[in-house]
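Undergrad:
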Amino acid sequence: LISSATKSLRMETEILEKKLQDAQMKLAEKDGDREKEIQGLKRLISELEFQLTMEKSNNESFLDKLRKEIKHKSDELEKLSQEKTQLIHSLSQVQEEGRWNWVSFEVRRECEERFELTAALGRARDQVLELRRLSGTLP
Numbered sequence: 168l169i170s171s172a173t174k175s176l177r178m179e180t181e182i183l184e185k186k187l188q189d190a191q192m193k194l195a196e197k198d199g200d201r202e203k204e205i206q207g208l209k210r211l212i213s214e215l216e217f218q219l220t221m222e223k224s225n226n227e228s229f230l231d232k233l234r235k236e237i238k239h240k241s242d243e244l245e246k247l248s249q250e251k252t253q254l255i256h257s258l259s260q261v262q263e264e265g266r267w268n269w270v271s272f273e274v275r276r277e278c279e280e281r282f283e284l285t286a287a288l289g290r291a292r293d294q295v296l297e298l299r300r301l302s303g304t305l306p
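If you read the sequence shown in this note's numbering, its first letter stands for residue 168, the second for the next number, and so on.
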């Protein structure tokens, strides 16, 4: 009777040990799958962070380029404003000398160029403001 009970307990123990081994194998498999998934997600995060860094860099480069262009346009506008002032002064002198038509043409031309540059500067500023607004939405 004891022998039979011992044999029965051994068989039950072996069955339970087998179930334990199976459960441990499944758990190890799941852990491996989970680890693979975690590594894949880490790679994806790294790639996305790199893309974000590149986008930020590109946006900064573009903003720097626009700032330089705006500075250049502002300098041109300042130069044209000075030229306009000089032309207006020249106009006064030329009026006295009887050459009104020629100076009038030059002033008109310079004013048209200034208007075009002012419009271009306005568009460039609008682009910078839009880029700043868009950059503000990035984390």
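C-beta atoms are modelled at their ideal positions from N, C-alpha and C, and glycine is treated no differently.
Predicted model, so just to flag it, every value in this text is computed and none were measured.
#1: Excluding the 5 residues flanking residue 204 on each side, which residues of the same chain have their C-beta closer than 8 Å to its C-beta?
#2: According to DSSP, is residue 183 part of a helix, a strand, or is it coil?
#3: So, with DSSP's three-state summary, where would you put residue 168?
#4: I'd like the list of long-range same chain contacts for residue 280, defined as Cβ closer than 8 Å, with 5 residues on each side in sequence excluded.
#5: Count the C-beta pairs between the stretch 214-234 and the stretch 249-264 that are closer than 8 Å, then say yes if the count reaches three, no if not.
#6: Per the contact definition of three or more C-beta pairs closer than 8 Å, is the stretch 237-254 in contact with the stretch 287-298?
#7: Is residue 283 near residue 251, with beta carbons less than 8 Å apart?
TA: Let's see:
#1: none
#2: helix
#3: coil
#4: 247
#5: no
#6: Touching, yes.
#7: no
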